[in-house]
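K.L.:
Just so you know, we're using the numbering used here here: the sequence shown kicks off at 18 and counts up by one.
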Amino acid sequence: ERNGSRRSQSRGSDRKDSRSPSESVEKEGRKKKPEDYGVDTLKITDDDAAFILGKGGKTKMKVAKVANCEIELYERDLILELRGSRMQRQRAKKYAEGVMAQRTGPVM
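#1: Look up lysine 49 in the DSSP assignment and say whether it is helix, strand or coil.
#2: According to DSSP, simplified to helix, strand and coil, what is arginine 108?
#3: Cβ atoms of cysteine 86 and alanine 113: under 7 Å apart, would you say?
#4: In whole angstroms, give me the CA-to-CA distance for isoleucine 69 and aspartate 94.
#5: Roughly how many whole angstroms lie between the Cα atoms of isoleucine 61 and leucine 97?
#6: Restricting to Cα atoms, I'd like to know which of Leu90, Leu59, Glu52, Gly101 is closest to alanine 67.
#7: With respect to the alpha helix (DSSP H) encompassing isoleucine 131, which residues constitute its N-terminal and C-terminal limits?
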């Protein structure tokens, strides 16, 4: 009887515990945008768009990951959109320009 009551208590508390973290994750799970959050756009060529996108979008994903910035490529309009803090956007622009420079020759 004592073990039975312990089980029901632990099940009840487990349920309560399992709900609490998920509720807090939903509230805290979204990243707050930094105060200097903004959007920069770069006009690029068709060849640069293909080069930045990379095979299966991998190059674009790598640049976004390294810069910790959201990157959107609008191939139809030939626009590269960088979203994030000022520092993240600067970093993404620098990396994207480095990738584009590799298309035309060695980068020094």
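In this text, a Cβ means the ideal position worked out from N, Cα and C, and glycines have one as well. A quick note: this is a predicted structure, and the numbers were derived from the prediction, not measured.
P.N.:
Answer, in terms of the structure:
#1: coil
#2: Note: arginine 108 maps to helix in three-state DSSP.
#3: It is not a contact, given that the beta carbons lie outside the stated cut-off.
#4: 14 Å
#5: Cα to Cα, isoleucine 61 sits roughly 7 Å from leucine 97.
#6: Leu90
#7: As shown, the chain starts at 18 and ends at 125. That puts residue 131 outside it, with no answer to give.
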